[in-house]
Structures are given as structure tokens and as C-alpha cells.
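Numbering (the working numbering), first residue to last: 643 to 1171. We treat Cβ as the ideally placed atom computed from N, Cα and C, and that holds for glycine. In what follows, a structure is listed as C-alpha cells, so that the remarks can point back to it.
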Amino acid sequence: MECKELNFFNRFLTGLPEDPIVDLYPRQVANASFSRVKPTHVANPQLVAFSQEVAEELELASSFYQGSRFAEVFVGNRLLKGMDPYAVRYGGHQFGHWAGQLGDGRAINLGEVKTSKDEYLTLQLKGAGSTPYSRTADGLAVLRSSLREFLCSEAMHHLGVPTTRALSLCLTGEEVVRDMFYDGNPRPELGAVVCRVAPSFTRFGNFEILSASGEYELLKTFVDFTIKADFPELGEPSAEVYKTWFREVCQRTARMVVEWMRVGFVHGVMNTDNMSILGLTIDYGPYGWLEGYDPDWTPNTTDSQSKRYRFGQQGEVAYWNLYQLARSLLPLFKEASILEEILNEYPKYYSDRYNEMMANKLGWACFRVEDAELLSDLEEVLTLVETDMTIFYRCLAEIEASSVESLTDRDLVGMLEEAYYDQQPLADTVILKTGDWLRRYLLRCDEDILSDVDRRVKMNSVNPLYVFRNYVAQLAIDDADRGDFSRVNELLELYRNPYNEQSGKEIYAAKRPEWARRRAGCSMLSCSS
Ligand code: AMP
Ligand code: MG
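Right under this line is the structure:
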């Protein structure tokens, strides 16, 4: 079955300079933005799962995505007409240090699809073989990390978090050796390829590399290209538009992180090469979801010492990353003060968005300055005992403001019981502090214009019932490793509707079981993928 022609219109290839070398070997690339590459042919492509919605957005014919050629194309064995694969050059700051050239080491762009709505969507294979940017690595990816990326990016989209999407997850039929915990125990794992989809995969690091290597002319070309291709609403590039653009990038980045904070997502590797210029969540590696609320938590074992990328620090790290982006844009702005001024807006912009988001989570019509104390006290209340963040907010929505008078602290706090991990009775101090906070909260709700019912509706529309819990990902991986893909597909469907109860899916809304507390993959992840 042939595919209905996808309409490829590869702006990146026509708008930016190409690496003249076509041979495949690791190298430093200069004065170019991409290198032409070919995906590596693999033995036995097999489709594990695909997102029908993304296929429809791309306007792929259903006869094609239901046919046998689909896996061939989306592991990279077969190119469709108009596909013209390339790997992109970028650099980045990793864990606070300039790392030089990184680039698409295992991502291969197949091209940009132009849809009938005149939207552009880049198709990108992750794990389809090495490129000039692979350095010493193999360009491949394993099933466990690919499955995590595939499901999580789709789940994030439906949670309302800006993100790259995923079209498909395929097995390659080949083995890939990985030392999952860098502890001298390499073992073969199943190789896989995800096809990711986004309006563009441009990262902060695309600008940084050009500035770091003194390629200022190309830097300007790249910025102009980005504005025209990815921010056309801002108008033709000019000194004024550069400013509006940088401000827009800062604001999008802030909004993206606030959405992470809303749903309890920890990216885990917020290096500048993993920061999308469009403010999309990109590069799902050792990310994780808060179970017990803990601002100091990071799932990434590679970062377990300094915890640079811990949950509670994501807003500040994003700021630091924007500062690096600003530094790299300096040659274009000439005066640092212009960039500084825009950067200086970030803390207030972020905290305003954060407060608004918290007011929504708590079911208030809007945030008031005097609410700040309730918010900071909530932080304390959530960490008194191990409290499941997701379940906490769903329970909170059920408590009626009018009930407060007739209930004791113990009764009130009992309404949050489901969220607590420890099955022992709560200590008196916990009851006292939590009870006090609940009373003040409910009083605040009573003063609000929203009724209990409206508050619950509002809260349940921003506080998800189903998040992609770390251990649930591992269950899907365990099944898939055995060749059973039913859970991947079940979860793909479940997370399309994360705010509404779905019958028979109660286990996915429940707390993490105790066995998963310390199991590798459930709470601890490395960068190995
Ligand atoms: P990450 O930490 O996944 O964002 O990756 C950082 C850099 O390493 C990027 O340039 C990736 O393309 C590259 N990279 C990661 N894993 C591999 C791999 N298996 N093969 C080649 N390059 C890789
Ligand atoms: Mg990356």
C-alpha cells in the first residue's frame, strides 16, 4: 500500500547552509547548520504503537498507517518521496558547563511536512543510526527509553503541556547493548525508534554553537530563519522583532515550566541542548513524575549529587538557560542592556504565571496577593508526611467549604487519606498543621466567587487524575520487553483523557505500590538510553 503523498517542504534544508562533507564519521562541523545523513537499515521493523491523532495531523492516509510499510518507513528503512534526511548541528551547556558541539547524535530528521492548513511539522526519527554528531556513541536507542518518550510526550500533550509529539514507536529487530546504571553491567536490549513530530526541533544550543564558534553571520541567518519559520506572527526580522522574539522565547519557556510544576513533571536533564526555542518539552530522558511531593526530588541518578535539575528548581534553571541563550544572541543585539532588560522580566513573569496556576489548582477564580502565605504554607503541609501530589489535589477538590464548621481536624485531614503513603495514623502535629491549613484554605474558598461545585470542576480540569507514573512506565516496559504491547496501547488511550475518570482504570489513578519505591526504572533513572 502506498502512502497518500505527504507534502514535504523542507525549509531547514533550503534556508540554511549544509555541511559539504557527506561521508559518515564523527566530526566538528563549521559554517553549516546540518549534515545530510541516511538512517541505518535495520533487520526487522515491527510497529509497537502509533498515535492516530498525530497521523491525522500529518494527514497520513489511514490505509498507510494501517499497512505493513508503515514500520519500514518509521524505522528509516524506506524513504517516502520528498523525505531528505539530515542531522542538525547544535551545542549546549550540560549540567552548567559548556559542552561544545553536540548535535543530532541519534536523531535524524526526515523532512518537514506542510499540511493543508499550511502548518509545518518536522518528522524526526530517534535511534535510527549514527550521524556526524554521534561522537563516540552508536546513534541507537533502546525500547525502554523509546517507550518512555513515546507515551510521555503524548500524555503531556493531553495534559495540556506544550511538548513535541510522537507518531510511532517501532522495534528494529536488532539488539543494542547498554549499561543501564553505568555500573559495569552492559547487556543487550531491544533496539527501537520513535518518530517524533514538532513544528521544529530547534534548541537554545543551535544558537549557542554559532556564537561560541564566532560564526556571527550564520547566527544572524539562523535567527532570521527561526523567526520567519517558527515565529511568523512576529513579522519580518528586524532589531525590534529580535527583541519581541527573545521576550516571546522567555515567556514561552516560563509557561512551559509552570505547566510542568502544575502536573508534577521533572524533566531531569534541562541542559540548554534540551531546551526548545518554541517552549516545547523536548528530549524525554530520565524524567519523572512526583509521587510523594518533594521539591528536591530528581529521578536522574546522574544528577543525584547536586540535584541541579530537581523539581523545585526548574523555574530557576530555565532562567539560567535563557541567560545562556541571551549571551549567545549578544552579537545580534550589540547592547547587552536590551537583553538584560528582557531577562529581568522573567522572575516576575514566571512567578505571576506560577501563582495563577496555583490559584487554578486550588480552585480560586484568581490569585490575590494575600494568598501567598497560603501557598507557601501548602508547600510545608505537603512535605509533613509523604503525600502523593496528584491524589492530594483530587481529594482537596472533594472537600466542601461549608463542611468546615462541623468537622474536627482529624475528620478534615481524613479526607486526604488516599494521598498519604504511610498507612500508620498521622502524628498529632501533622493533623494540627494540616487541619489549620485546610480551614484557612476552605475559608478562602468560601470567600471566592466560585461555588463548591464550580471549584471542583475547575480543580479537576487542571489537576490530572492520571499521570504517567514512573512505575506504570516500567510495567509497560516489562510487558513490551516480553513482546506484549497491549499495555502501551492501553496507556496511550488512557492518557488521552487524563482529567476524567475511566472505568476499570482505577489502578492508574492510585498511589505507587510499595514494591516500586526502590525498583530501578520506577524511581531511579540514568541517562543511559
Ligand atoms: P541527551 O542527554 O539525550 O540530550 O543527549 C546529549 C547529546 O548526546 C545529544 O547530542 C545526543 O544526540 C547525543 N546522544 C545521546 N545518546 C546518543 C547515542 N546513543 N548515540 C549518539 N548520540 C547520542
Ligand atoms: Mg538531547
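Test: residue i CB closer than 8 Å to a CB of chain D
i	result
P874	Absent here is chain D; the protein component of the structure consists of one chain.
Separation of residue j from residue i, as counted between CA atoms
i	j	result
S1170	L981	36 Å
D945	Y951	7 Å
D1051	Y1062	16 Å
I1073	L1084	16 Å
V819	R1086	56 Å
L1016	Y1035	15 Å
P1155	S675	47 Å
R889	E998	20 Å
E860	P828	Note that residue 860 is Leu in the sequence shown, not Glu. Using only the alpha carbons, I get a separation of about 41 Å.
Q1065	I1033	15 Å
W887	D1019	37 Å
G657	F864	9 Å
Among the options, the one whose alpha carbon lies nearest that of residue i
i	options	result
L793	Y1108, S1145, P973	Y1108
V671	I851, D1064, L1092	I851
Y728	Q743, G747, R711, V715	G747
A840	E761, W1079, L658	E761
A779	Q736, P668, G742, S795	P668
K759	Q955, T773, E701	E701
R845	L721, H735, A703	H735
G745	F975, F843, R1124	F843
A1151	C1037, D1088, A685	C1037
V1184	L1117, E857, N1002	Limits of the chain in this structure are 643 at one end and 1171 at the other, which puts residue 1184 out of reach.
K870	P659, Q766, R653, L722	R653
K723	E754, L1117, L1167	E754
L1068	Q743, V908, V1055	V1055
E958	H683, A713, K990	K990
A881	V1023, G847, K862	K862
R807	T773, F907, D925	D925
E1021	N963, T757, F953	F953
Residue burial classification, residue i (beta-carbon count within 10 angstroms, cutoff 16)
i	result
M643	With a pLDDT of 42 at M643, under the threshold of 50, the predicted position of this residue should be treated as unreliable, though the coordinate-derived value follows. With fewer than 16 other Cβ atoms within 10 Å, it is exposed.
K640	The structure shown has nothing for residue 640, since the chain only spans 643 to 1171.
S810	buried
E647	exposed
I1149	exposed
D1126	exposed
P928	buried
Y935	buried
G826	exposed
Y858	exposed
H739	exposed
V1095	exposed
D1189	Given a span of 643 to 1171 for the chain in the structure shown, any question on residue 1189 remains unanswerable.
R731	buried
C892	buried
I984	buried
F716	buried
I1091	exposed
R1160	exposed
T1071	exposed
S1168	buried
Expected contact under 8 Å - CB spacing of residue i and residue j to nearest Å
i	j	result
R894	L920	7 Å
A685	E816	5 Å
R790	A1162	About 13 Å separates the two Cβ atoms, so there is no contact after all.
S970	F849	5 Å
I750	P681	5 Å
K1075	V1027	Not really, about 10 Å apart at Cβ, beyond 8 Å.
Q899	Q956	The amino acid at residue 899 is misidentified as Gln; the sequence shows Val. Going by Cβ atoms, the distance from V899 to Q956 rounds to 5 Å, so yes, they are a contact pair.
G847	D915	4 Å
Problem - 4 or more residues per run - each alpha helix (DSSP H) lying fully within the stretch 673-744 - result: 694-700, 704-707, 711-717
Exercise for the section: Just list the beta strand (DSSP E) runs in the stretch 765-826, keeping only unbroken ones of 3 residues or longer that don't cross its boundaries, in chain order. Expected result: 807-820
Practice task
Return the chain-ordered ranges of every alpha helix (DSSP H) run that is complete within the stretch 998-1047 and spans a minimum of 4 residues.
Solution key: With a minimum length of 4 residues, the continuous alpha helix (DSSP H) runs that stay inside the stretch 998-1047 are 1014-1026, 1031-1040.
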